[in-house]
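A.B. asks: For reference, the structure I am asking about is given below.
Residue numbers (the working numbering): 863 to 961.
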């Protein structure tokens, strides 16, 4: 038989910290949108223009992937919060049943 020990308050703390981290990452990504997705070519030659376009394309791709990752992190925050509530409710029910 296996036992699992969980401290629901620690799950809540982890969810809050992850939420704060997610907010900080979103702020940083938002600040980076303009300077990275609209790179100005260093010169008027074709190589500079293509290089700037490639950097801009990579930045747009990063923003798309980062938005998806932010969604995953928010789902994790929600899951941690729900899990903390479930563990706390189960613990309360067990305590009431025992005594």
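Backbone N, C-alpha and C define an ideal beta-carbon position, used for all residues, glycine too.
For clarity, every value in this text was computed on a predicted model and none was experimentally measured.
Specify, as a first and last residue, the run of the alpha helix (DSSP H) that residue 869 falls within.
C.D. replies: Careful: residue 869 lies outside any alpha helix (DSSP H) and carries neither H nor E.
A.B. asks: What separation, rounded to the nearest whole angstrom, lies between the Cα atoms of residue 883 and residue 929?
C.D. replies: Their Cα atoms are separated by approximately 14 angstroms.
A.B. asks: Do residue 902 and residue 921 have their C-beta atoms within less than 7 angstroms of each other?
C.D. replies: Contact: no.
A.B. asks: Between 950, 958, 956, which lies nearest to residue 872 when the distance is taken from Cα to Cα?
C.D. replies: Of the candidates 950, 958, 956, the one whose C-alpha sits nearest the C-alpha of residue 872 is 950.
A.B. asks: Report yes if the C-beta distance between residue 942 and residue 894 is below 7 angstroms; otherwise report no.
C.D. replies: Taking 7 angstroms as the Cβ cut-off, residue 942 and residue 894 do not qualify as a contacting pair.
A.B. asks: With distance defined between alpha-carbon atoms, name the residue in 896, 954, 946 nearest to residue 878.
C.D. replies: Nearest C-alpha to residue 878: 946.
A.B. asks: Let me see if you follow: with CB-CB separation under 7 angstroms, is residue 932 close to chain D or not?
C.D. replies: Included in the structure is just one protein chain, with no chain D present.
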